[in-house]
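Residue numbers (the working numbering): 1 to 423.
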């Protein structure tokens with residue numbers, strides 16, 4: 001079948017349990033939404049621009065997708081694709097179909113993949129998280145409260161020795177986790193191997209000093225073979241976590257890391273706004289679902305408009321918690337819900353945060369969150385160690401349901417943070 005009008009539109013079609021359902025926002029270009037929907041369904045599956053001799057009725061009947069919902073007012077369409085159109089355990093192939101050539105079609109001005117509901121057959125073909133939310137809590141030794149962490153700052157420029165020192169002070173101050181920033185890999189001033197060796201030693205020392213478990217997330221992002229070497233190096237040096245920039249390295253490389261890693265995987269979403277911001281591209285909700293399928297254990301999802309990043313409260317909580325979304329409720333997706341037995345992910349809130357933000361974040365996102373503050377720790381008037389203490393005190397106050405202002409009267413580190421940044 002080609003782009004014959006109405007060939008793929010069937011508003012009476014009822015999706016089956018074997019269908020992958022893609023939901024798109026569409027701004028048509030010089031044609032009506034129904035016609036554009038038909039073109040999108042064709043191009044993303046078995047169709048092409050003209051009638052072809054190689055198309056058979058058997059192929060058409062078996063593999064033709066159906067546009068089963070068109071909302072003219074909201075410019076949203078839903079397309080059901082039979083799972084046989086997709087190769088199992090192959091995210092690049094799936095996205096090449098439902099998020100591929102269609103973005104370049106003349107028929108659309110703007111196109112955004114808002115959501116994907118994956119059928120059980122495809123979900124079960126992916127490995128998902130090795131550790132998941134409960135596994136991460138076990139490694140951190142924290143059963144109930146919100147976890148807290150930091151990113152070593154400045155992003156780049158510190159020596160391995162200084163990097164390890166900053167990490168040590170952060171852990172001793174009371175933080176659970178320390179991570180590299182997204183653009184720190186193995187530059188001349190801070191080589192990967194030396195940084196890992198010194199920072200892992202600092203982590204072990206911090207555990208002895210505090211009697212608490214600590215996490216270090218070194219960024220192994222690189223060319224795939226080099227990335228696997230770095231992953232093994234972390235394992236050989238008693239590391240307990242790795243970090244990757246999932247979008248810039250690509251989903252195939254992500255899967256390769258998951259296949260080989262014995263450690264939890266922290267997923268940074270660097271470059272996401274080039275894809276998610278505005279009415280063209282792909283939603284963060286979609287990226288979050290893909291991340292869970294591919295095996296991330298923790299994922300940056302935003303700060304619900306608290307902090308410095310541009311995103312709505314709704315878009316963040318849509319990922320972190322169950323909200324009114326028929327596609328999500330049907331299959332129990334997102335990060336924490338039951339999804340055909342796949343382990344849940346721990347959400348990470350990060351970006352312009354400080355101790356004063358913690359009560360708001362916990363109220364919106366619950367306790368199952370890792371709250372990371374970079375400048376909000378290292379920018380404390382009395383330095384990193386005291387800044388880390390302020391974060392821990394803020395969490396303690398929040399868990400005890402004590403207002404920060406009152407708690408700060410007997411906790412000077414928190415008082416210093418509030419004086420600088422407010423509540």
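Positions of the beta carbon are idealized from the N, C-alpha and C atoms, including for glycine. All values derive from a computational prediction rather than experimental measurement.
Of the candidates 197, 266, 224, the residue whose Cα lies closest to the Cα of residue 237 is 197. Per DSSP, reduced to three states, the secondary structure at residue 149 is strand.
Residue pairing by DSSP places residue 383 opposite no residue, since no beta bridge is assigned to it. Counting the other CB atoms within 10 Å of its CB gives residue 419 a total below 16, which places it among the exposed residues. If you ignore the 5 residues before and after residue 280, its C-beta comes within less than 7 angstroms of the C-beta of 110, 111, 112, all in its own chain and listed in chain order.
CA-to-CA, the gap between residue 220 and residue 252 works out to about 15 angstroms. Under the DSSP assignment, residue 199 falls in the alpha helix (DSSP H) whose first and last residues are 192-210. The three-state reading of DSSP puts residue 115 in strand, counting E and B together. At least 7 angstroms separates the beta-carbon of residue 162 from that of residue 243. Within its own chain, no residue has a Cβ closer than 6 angstroms to the Cβ of residue 96 once the five positions on either side in sequence are excluded. Taking residue 376 as reference, the option from 107, 230, 414, 396 with the minimal CA-CA separation is 414. Taking 8 angstroms as the upper bound for CB-CB distance, residue 176 and residue 151 are not in contact here, some 13 angstroms apart. With a contact defined as Cβ atoms closer than 8 angstroms, residue 361 and residue 369 qualify at about 7 angstroms. Taking 7 angstroms as the cut-off, the Cβ atoms of residue 255 and residue 294 count as close. Here residue 114 is near residue 283, since their CB atoms are less than 7 angstroms apart. In the DSSP assignment, residue 27 is bridged to 110. Contact check for residue 352 and residue 381: beta-carbon distance about 18 angstroms, past the 8 angstroms limit, so the pair fails to qualify. Here DSSP, grouped into helix, strand and coil, assigns residue 185 to coil. Within the same chain, and ignoring the five residues on either side of residue 119 in sequence, the residues whose Cβ sits closer than 7 angstroms to its Cβ are 17, 18, 19, 20, 83. Three or more Cβ pairs closer than 8 angstroms define a contact, and the region 256-272 meets that threshold against the region 116-133.
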